[in-house]
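Read the structure below first, then the notes.
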């Protein structure tokens with residue numbers, strides 16, 4: 002099983018938001034700002050792409066299993082896992098373990 006498919010299967014069931022509605026979704030969790038060392042480590046990873054929009058991220062994905070991590074443009078300080086699954090881009094907001102949970106949008 003591919004890592005992105007595994008992550009999708011492990012998401013708790015909840016309301017499904019349309020792509021249009023999800024753009025307005027703001028995380029209820031106040032994320033901790035990443036420190037300089039963490040950002041330096043992230044930038045060394047090939048899968049980390051920095052701050053970019055959903056549309057830009059989707060443009061980088063070519064086939065099922067492709068993924069990247071990016072800084073969210075709509076939830077400042079948050080990160081998003083964007084991956085291709087069944088020919089469609091999926092976006093998972095990553096929440097600190099002290100937060101509530103990850104949101105699929």
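Numbering (this note's numbering), first residue to last: 2 to 106.
Quick reminder that beta carbons are idealized off the backbone N, C-alpha and C, glycines included.
Starting from residue 64, trace the alpha helix (DSSP H) in both directions and tell me its first and last residue.
Along the chain shown, one-based indexing puts residue 64 at 63. Unbroken run through residue 64: none, as it is neither H nor E.
Over the uninterrupted alpha helix (DSSP H) stretch that includes residue 52, give me the two end residues.
As a working note, residue 52 is residue 51 in the chain shown. Counting along the chain, residue 52 falls outside any alpha helix (DSSP H), though it belongs to the beta strand (DSSP E) covering 49-52.
Provide the residue span of the alpha helix (DSSP H) that contains residue 37, from first to last.
Residue mapping note: residue 37 aligns to position 36 of the chain shown, counting from 1. Going by DSSP, residue 37 is part of the alpha helix (DSSP H) stretching over 37-44.
Can you tell me the Cα-Cα spacing of residue 92 and residue 63, whole angstroms?
As a first step, residue 92 is located in the chain shown; it is residue number 91 there, counting from the start. As a first step, residue 63 is located in the chain shown; it is residue number 62 there, counting from the start. The alpha-carbon atoms of residue 92 and residue 63 are separated by roughly 15 angstroms.
Please check the pair residue 81 and residue 94, which I expect to be a contact at CB under 8 angstroms, by giving their CB distance rounded to whole angstroms.
Counted from its first residue, the chain shown places residue 81 at position 80. Counted from its first residue, the chain shown places residue 94 at position 93. Going by Cβ atoms, the distance from residue 81 to residue 94 rounds to 6 angstroms, so yes, they are a contact pair.
For residue 84, the first and last residue of its enclosing beta strand (DSSP E):
Position 83 of the chain shown, counting from 1, holds the residue named residue 84. It spans 80-86 - the beta strand (DSSP E) in which residue 84 sits, taken as one unbroken run.
Cα separation between residue 87 and residue 68?
As a first step, residue 87 must be located in the chain shown, where it is residue number 86. As a first step, residue 68 must be located in the chain shown, where it is residue number 67. Each residue's Cα considered, the two are about 13 angstroms apart.
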